[in-house]
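**Student:**
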Amino acid sequence: MGEVIVVTSGKGGVGKTTTTANLGTGLAQLGMKVALVDADIGLRNLDVVLGLENRIVYDITDVTGGHCRLRQALIKDKRYEGLFLLPAAQTKDKTSVNPDQMKELCADLRQEFDYVIIDCPAGIEQGFKNAIAGADRAVVVTTPEVSAVRDADRIVGLLEAAELRDPKLIVNRVRYKMVKAGDMMSIEDIIDILAIDLLGVVPEDEMVVITTNRGEAVVCDDHSRSGQAYRNIVRRITGQQVPLLSMEEDGLMSRIRRMIGFK
Amino acid sequence: MLDFITRIFGRESSASKNVAKERLRLVLVHDRSSVSPQILQDLKADLIKVISSYMEIDEDALEVNFENSENQVALIANIPIKNVKRPANVV
Chain A
25 MGEVIVVTSG
35 KGGVGKTTTT
45 ANLGTGLAQL
55 GMKVALVDAD
65 IGLRNLDVVL
75 GLENRIVYDI
85 TDVTGGHCRL
95 RQALIKDKRY
105 EGLFLLPAAQ
115 TKDKTSVNPD
125 QMKELCADLR
135 QEFDYVIIDC
145 PAGIEQGFKN
155 AIAGADRAVV
165 VTTPEVSAVR
175 DADRIVGLLE
185 AAELRDPKLI
195 VNRVRYKMVK
205 AGDMMSIEDI
215 IDILAIDLLG
225 VVPEDEMVVI
235 TTNRGEAVVC
245 DDHSRSGQAY
255 RNIVRRITGQ
265 QVPLLSMEED
275 GLMSRIRRMI
285 GFK
Chain B
3 MLDFITRIFG
13 RESSASKNVA
23 KERLRLVLVH
33 DRSSVSPQIL
43 QDLKADLIKV
53 ISSYMEIDED
63 ALEVNFENSE
73 NQVALIANIP
83 IKNVKRPANV
93 V
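Just so you know, the protein sequences line up as chains A and B, in that order. Heads up: take any position in the first sequence, counting from 1, add 24, and you land on our numbering. Heads up: take any position in the second sequence, counting from 1, add 2, and you land on our numbering.
#1: Measure the CB-CB distance between VAL31 (chain A) and ASP101 (chain A) and report whether it falls below 8 Å.
#2: What residues in its chain sit with their C-beta under 7 Å from that of GLU14 (chain B), if we drop five residues either side in the sequence?
#3: By the 7 Å beta-carbon criterion, what residues does the stretch 146-175 of chain A contribute toward chain B?
#4: Looking only at DSSP bridge pairs, what is THR166 (chain A) linked to?
#5: What do you reckon, are the CB atoms on ALA162 (chain A) and LEU129 (chain A) nearer than 8 Å?
#6: Name the residues in the stretch 217-246 of chain A whose C-beta lies less than 8 Å from a C-beta of chain B; which are they?
#7: Please compile the residues from chain A whose C-beta is within a distance smaller than 7 Å of the C-beta of LEU26 (chain B).
#8: Report the neighbours of ASP207 (chain A) on chain B: residues whose CB is nearer than 7 Å to its CB, in chain order.
#9: In the stretch 94-119 of chain A, which residues sit with their C-beta less than 8 Å from some C-beta in chain B, listed in chain order?
#10: State the start and end residues of the unbroken beta strand (DSSP E) segment that holds LYS84 (chain B).
#11: Which same chain residues end up closer than 6 Å to ASN69 (chain A) when comparing Cβ atoms and leaving out the 5 residues on each side of it in sequence?
#12: Rank A:ARG260, A:ASP62, A:VAL28 by C-alpha distance to the C-alpha of ILE194 (chain A) and give the top, closest one.
#13: For GLY50 (chain A), count neighbouring C-beta atoms within 10 Å of its own C-beta (all shown protein chains included) and say buried if the count is 16 or more, exposed if not.
#14: Evaluate ARG93 (chain A) with the Cβ neighbour count: other Cβ atoms within 10 Å of its Cβ, from every protein chain shown; 16 or more gives buried, anything less gives exposed.
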């Protein structure tokens, strides 16, 4: 019996889809069977982030509407054993799926998969309610900005109201130099304000842009800090205790060590 | 000028993250108090009811709002009085 995790944030553009893609790919790399569900109906994106955009035949509304079987709509990622995508519909709107259908879909998926990861749309309306309906756990993604943290706080409240307790936080796009200079809120500042557990911290990294351009996940890049950060988060999701990436380790030596593959 | 000097002699005091954190803290107090317009409306109605038994107030001009000041959030009510009843008339 698998676990259903929803990745949410409130604010758009903080990295929900990138996070979903990397958690899924990372879990598949560990040998897990993973289904990624794009719940952002009308603004489908997880397919392009994963590089699977040319393989879509059916989508989530075809499954919930009974036009095809779940198995037919799931796209198998040929690069990673055990990784599947259920794409969102692009030409319909968020009301074409309801929370009960999502619950049923999640119940079906968890029979087959170790992890079901749902990419939640931005906002707090119907799409959000659909995405969280069938979830056991929630991951809240934010960036060190006032607007993103504010929206994350709102989401934490709404998750609790929906009885999805104890959500875990990922702080994305952290620039350590700015944090050091006092010009960006630190992880401690954000945790202090939101008062939820930290799942991980992902540094701002050009490699995320580069890998996403190619339709690959940075979690597979052994030499990047963000890849390492995602690998750590993935291991924490499976229940392992993994220490946080240190802020200090961005010096030349650690870069060289990473380049030659020591870390 | 002062800003320039503080920048030279130490960024700590002008660190923009402190500004961000403080603004965030205040806005969240407001957000978390989760007072919907409906509740604010009910509060207004109750205030009118209570105060009206002591004095005549201008119900249309009554204002009840949350305000962020320096470091706290306050409930500010502005209630214009039209007439105060005689003590004998107090219900």
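Glycine residues also receive a C-beta, built at the ideal position from the N, C-alpha and C atoms. This structure is a prediction, so every number in the text was calculated from the model and none was measured.
**Tutor:** For this structure:
#1: Residue numbering aside, residue 31 (chain A) sits at position 7 when the first sequence is read from its first letter. Residue numbering aside, residue 101 (chain A) sits at position 77 when the first sequence is read from its first letter. No; because the gap between Cβ atoms is not below 8 Å, this pair is not in contact.
#2: To locate residue 14 (chain B), count along the second sequence from 1; it is residue 12. In this predicted model, GLU14 (chain B) has a pLDDT of only 48, less than 50, meaning its place in the structure is not dependable enough to derive any value.
#3: VAL170, VAL173, ARG174
#4: Sequence index remark: in the first sequence, residue 166 (chain A) carries index 142 (1-based). THR166 (chain A) pairs with A:VAL195.
#5: For the purposes of this step, residue 162 (chain A) is taken as residue 138 along the first sequence, with counting starting at 1. For the purposes of this step, residue 129 (chain A) is taken as residue 105 along the first sequence, with counting starting at 1. Against a cut-off of 8 Å, the Cβ pair of LEU129 (chain A) and ALA162 (chain A) comes out as no contact.
#6: ILE217
#7: The residue given as residue 26 (chain B) occupies position 24 in the second sequence. Result: VAL170, VAL173, ARG174, ILE217.
#8: Taking the first sequence and counting its residues from 1, one reaches residue 207 (chain A) at position 183. Within chain B, the residues near ASP207 (chain A) are ALA17, SER18, LYS19.
#9: none
#10: Start at 1 with the first residue of the second sequence, and residue 84 (chain B) comes out as number 82. Per DSSP, LYS84 (chain B) belongs to the beta strand (DSSP E) from 83-86.
#11: Residue mapping note: residue 69 (chain A) aligns to position 45 of the first sequence, counting from 1. Only THR41 meet the Cβ criterion.
#12: Along the first sequence, one-based indexing puts residue 194 (chain A) at 170. Per the Cα distances, A:ARG260.
#13: As a first step, residue 50 (chain A) must be located in the first sequence, where it is residue number 26. Classification of GLY50 (chain A): buried, given that the 10 Å Cβ count is 16 or more.
#14: Working through the first sequence from its first residue, we reach residue 93 (chain A) at position 69. Exposed, since its Cβ has fewer than 16 Cβ neighbours within 10 Å.
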